[in-house]
């Protein structure tokens, strides 16, 4: 049996493999995970738990498992886990930022048990605050503190230049406080290059939430002064603000809004992924057409010989 008149050139095979492999290239998805899983602060009780039988560790692990499971369904959940035989009970809760999707909330809360174990160990109470969520636990009988007790503050070292900053800041704060009356426990808004948000623990009533955020705003005004950014965390609520000299970024500039139970933050991320996939697919098709035309040209030249 004779050889074909025009044997397949190695370059054709190379191009064919290249074109075939395009369909299997993984599409890189942009991720903003670090923007909501960054550690802000930790609070660990001074007293540790004696746990020779391991019951405490098992109860705490069971509690965290319940919190993680629920975090894929809602942005707030509180529960109590009890040890076997009527032993130690531990109460815990998590709260996700109101603009996170349920998926991002779950991802955020899932990070906390390992961080808590590493930073707090077997303390009788602990609180881990990430930028997008927090979780806390405490054994039964642990002393309670006021809902407006300040736990942590962070003020930028950079001070606003020129006059009028504090007036604009206070107006933005007032707009956010008014927005907290939506009953959702979360509100974010922008005003003249300032982005402000506030959030309350899900167990607070609308009235108590408003009072808590009002206290947080007052602490920010006193503690941070003319700082261009600040965060104030009270036991039952928190608020943060950032001044952008060149204008509030697009993802924040749409104005006020609530998270609608934690489902409001995923849309922008998903739209970004959809656009990236569409652009990548278009580029792949264009590259495929160019390569086919190139192959056709090479084959024509080869036949001419």
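Residue numbers (mature numbering (1 follows the signal peptide of the UniProt record, and there is no 0)): -30 to -1, 1 to 275.
Built from N, CA and C at the ideal position, the CB exists for glycine as well.
Residue i in three-state terms, based on DSSP
i	result
residue 108	strand
residue 43	coil
residue 90	coil
residue 128	coil
residue 97	strand
residue 20	coil
residue 26	helix
residue 81	helix
residue 185	helix
residue 58	coil
residue 191	helix
residue 151	helix
residue 142	helix
residue 13	strand
residue 200	strand
residue 137	helix
residue 52	strand
residue 117	coil
residue 5	helix
residue 175	coil
residue 71	coil
Integer-rounded CB distance, given that residue j should sit under 8 Å from residue i
i	j	result
residue 95	residue 112	5 Å
residue 21	residue 92	6 Å
residue 207	residue 168	7 Å
residue 214	residue 166	Not quite, the Cβ-Cβ distance comes to about 12 Å (not below 8 Å), so this is no contact.
residue 12	residue 70	Not quite, the Cβ-Cβ distance comes to about 20 Å (not below 8 Å), so this is no contact.
residue 6	residue 62	Contact flag wrong, Cβ pair sits at about 20 Å.
residue 72	residue 48	17 Å between Cβ atoms; not a contact.
residue 9	residue 85	7 Å
Cut-off 8 Å between Cβ atoms - residues of its own chain near residue i, not counting five sequence neighbours on either side
i	result
residue 128	197, 198, 199
residue 32	51
residue 29	51, 52, 53, 57, 58, 59, 60
residue 151	176, 180
residue 189	120, 123, 202, 204
residue 16	93
residue 132	none
residue 174	117, 155, 182, 206, 207
Residues of its chain near residue i, where Cβ-Cβ distance is below 6 Å and the 5 sequence neighbours each way are ignored
i	result
residue 123	193, 202
residue 75	41, 45, 66, 232
residue 19	26, 92, 94
residue 217	163
residue 110	59
residue 145	159, 161
residue 153	176
Contacting residues, own chain, Cβ-Cβ under 7 Å from residue i (five flanking each side not counted)
i	result
residue 119	204, 205
residue 83	34
residue 125	193, 194, 197, 200
residue 184	147
residue 170	155, 179, 182, 183, 206, 207
residue 172	46, 65, 155
residue 134	none
residue 23	none
residue 222	160, 165
residue 14	89, 90, 93, 96
residue 187	143, 147, 209
residue 39	none
residue 114	none
residue 136	196
Residue(s) in a DSSP beta bridge with residue i
i	result
residue 161	164
residue 66	103
residue 206	Answer by DSSP bridge pairing: none, since residue 206 is not bridged.
residue 170	207
residue 212	165, 199
residue 156	169
residue 220	In the DSSP output, where bridge partners are listed per residue, residue 220 has none listed.
residue 122	203
Any chain B beta carbon closer than 9 Å to residue i
i	result
residue 101	This model lacks chain B altogether; it includes just one protein chain.
Original post:
Do the region 132 to 143 and the region 87 to 105 make contact, defined as three or more Cβ pairs closer than 8 Å?
Top reply: Using a Cβ-Cβ distance cut-off of 8 Å, the region 132 to 143 and the region 87 to 105 are not in contact, since fewer than three pairs of beta carbons, one from each stretch, lie closer than that value.
**OP:** Say whether the region 103 to 111 touches the region 68 to 85, bearing in mind that this needs 3 or more beta-carbon pairs closer than 8 Å, one atom from each stretch.
**Re:** Yes, since at least three Cβ pairs between the region 103 to 111 and the region 68 to 85 fall closer than 8 Å, the two stretches touch.
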